[in-house]
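In our numbering, each residue's number is its place in the sequence shown (first place is 1) plus 32.
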Amino acid sequence: MSKDDSKVKDANAITFKTLSKSKEMNVEYVPRANQPFAAYAIGDVAKLPHPPRVSDEKDLTLLRGLSDSLAMRIRYHKGIANRPQSDLALSIMEALEKARYESLGSLELPGLNKNITETTNHIYKEKGYTQAISKDEVPLHEVIYTLARQSFCGAEIPEAAETMLALWRPEIKKKLGNAPFSKLVKSLNDPEKFYKAMRDILTRLDKDYEDEQKKQPEPPTEPNEDDQHAQHAEEDDNVGESDEEGDEQDGEEENASSAQEEQEQHIDADQSDIPADDTGNT
């Protein structure tokens, strides 16, 4: 390993730990052939693509952009509850979340924004999106990610993304309108609200996800004040009716008791008139 190579690794590792605010993270570099367009973390180890053997500005930019993106994920990503079963919905959800945490860093650090934009442009070229002639050749989640970053932090649209946006834009506009991410922009710092607003977008873009949501049980709703007043009034009426019924029942019981006492008195009186001989006693 050359001295220049070692310097690049060390400098990038220091920057990564600073941006992620995770001093305990360890940084490892793996061959680009294993992960040409990815950076990820396993436990407290960050896996980044190996710097180029020969100084190449494009490859260095790719390293910086992937490293910056992963640092923002470690710093801002909070996990997503109730992940969709639909592959399309899940890919869009992850793309929007990626745009969210990257944008939080980009709004604070313009240099980070530039690194990620240039990295995205490089990746789209490598994937051949500039040559696409139909929507089937470009994943929808890549388009959503690109548009979301522009909306969230004012990121420039990468040149290599223009073709794929032209292919998808009419359908996205039809399903989501002219300002599809307005609610998401307001909740970048609140993951819970962000995920809630995001589900509306998923429902509009993915029929399978919409069907998935319809099968979910609706949460119980709390009664409003009018309902509570009506319920109390009904309970009061029931109490009143119960009291009246109780009074009527008490009256009937008293009458029955009086009649029984009267009958018993008649029996006692009849028995007192029986001659001693008729009783069988001697």
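We put the CB at the ideal spot given by N, CA and C, even for glycine.
Remember, it's a predicted structure, so these values are computed and weren't measured experimentally.
Assign residue i to one of three DSSP states: helix, strand, or coil.
i: Pro81; result: strand
i: Ala71; result: coil
i: Glu188; result: coil
i: Gln117; result: coil
i: Lys157; result: helix
i: Ile148; result: helix
i: Asn66; result: coil
i: Asp222; result: coil
i: Asp259; result: Unreliable placement is indicated for Asp259, whose pLDDT of 49 sits below 50; the coordinate value is still reported in the next sentence. DSSP places Asp259 in helix when its eight states are reduced to three.
i: Thr253; result: Because the pLDDT of Thr253 is 46, which lies under 50, any placement of that residue in the model is unreliable, and the number read from its coordinates should be weighed accordingly. Here Thr253 sits in coil by DSSP.
i: Glu276; result: Unreliable positioning characterises Glu276 in this predicted model, as indicated by a pLDDT of 49, which lies under 50. The coordinate reading is nonetheless provided below. Of the three classes helix, strand and coil, the one that applies to Glu276 here is helix, per DSSP.
i: Ile20; result: Only positions 33 to 314 of the chain appear in this structure, which leaves residue 20 out of reach.
i: Ile112; result: coil
i: Val170; result: coil
i: Leu141; result: coil
i: Ser54; result: coil
i: Gln292; result: Because the pLDDT of Gln292 is 46, which lies under 50, any placement of that residue in the model is unreliable, and the number read from its coordinates should be weighed accordingly. Here Gln292 sits in helix by DSSP.
i: Ala211; result: coil
i: Asp76; result: coil
i: Ala164; result: coil
Quick check: the Cα distance between residue i and residue j, rounded to an integer number of angstroms?
i: Leu179; j: Ser138; result: 15 angstroms
i: Ala103; j: Phe48; result: 6 angstroms
i: Thr195; j: Glu188; result: 15 angstroms
i: Thr149; j: Gly97; result: 8 angstroms
i: Ser214; j: Thr235; result: 16 angstroms
i: Ala43; j: Glu169; result: 37 angstroms
i: Leu120; j: Lys246; result: 17 angstroms
i: Pro83; j: Pro116; result: 36 angstroms
i: Phe69; j: Lys110; result: 23 angstroms
i: Leu197; j: Gly209; result: 15 angstroms
i: Ser166; j: Lys39; result: 44 angstroms
i: Thr151; j: Asp91; result: 9 angstroms
i: Tyr72; j: Leu80; result: 7 angstroms
i: Glu242; j: Met125; result: 14 angstroms
i: Thr50; j: Gln67; result: 23 angstroms
i: Ala45; j: Ala113; result: 31 angstroms
i: Leu216; j: Lys159; result: 28 angstroms
i: Ser99; j: Glu203; result: 33 angstroms
i: Glu140; j: Glu60; result: 26 angstroms
i: Lys130; j: Ser123; result: 10 angstroms
i: Ala65; j: Glu56; result: 27 angstroms
i: Arg105; j: Asp76; result: 13 angstroms
i: Ala78; j: Asn147; result: 18 angstroms
i: Asn58; j: Lys207; result: 43 angstroms
i: Ala211; j: Asn153; result: 24 angstroms
i: Lys218; j: Glu174; result: 22 angstroms
i: Gly143; j: Thr93; result: 11 angstroms
i: Ser101; j: Ile74; result: 15 angstroms
i: Ala229; j: Val62; result: 37 angstroms
i: Gln248; j: Lys239; result: 15 angstroms
i: Arg85; j: Leu136; result: 32 angstroms
i: Lys89; j: Asp37; result: Here residue 89 is Glu; the residue named in the question, Lys, does not match the sequence. Roughly 13 angstroms separates the two Cα atoms.
What span of residues does the beta strand (DSSP E) with residue i cover, start to end?
i: Glu60; result: Asn58 to Val62
What is the residue span of the alpha helix (DSSP H) that residue i lies within?
i: Ile106; result: Glu89 to Tyr108
i: Leu199; result: Glu194 to Leu208
i: Val217; result: Ser214 to Val217
i: Tyr241; result: Lys239 to Lys246
Report the CB separation of residue i from residue j in whole angstroms; it is logged as a contact under 8 angstroms.
i: Ser52; j: Arg107; result: 5 angstroms
i: Glu134; j: Arg201; result: That belief does not hold up - the Cβ atoms of Glu134 and Arg201 are roughly 22 angstroms apart, past 8 angstroms.
i: Asn221; j: Cys185; result: In fact, because the Cβ distance is near 13 angstroms, the residues do not count as touching under 8 angstroms.
i: Leu128; j: Ala164; result: The pair is not a contact, with the Cβ atoms about 22 angstroms apart (cut-off 8 angstroms).
i: Tyr156; j: Pro190; result: 6 angstroms
i: Ser118; j: Glu224; result: Wrong, their Cβ atoms sit about 21 angstroms apart, outside the cutoff.
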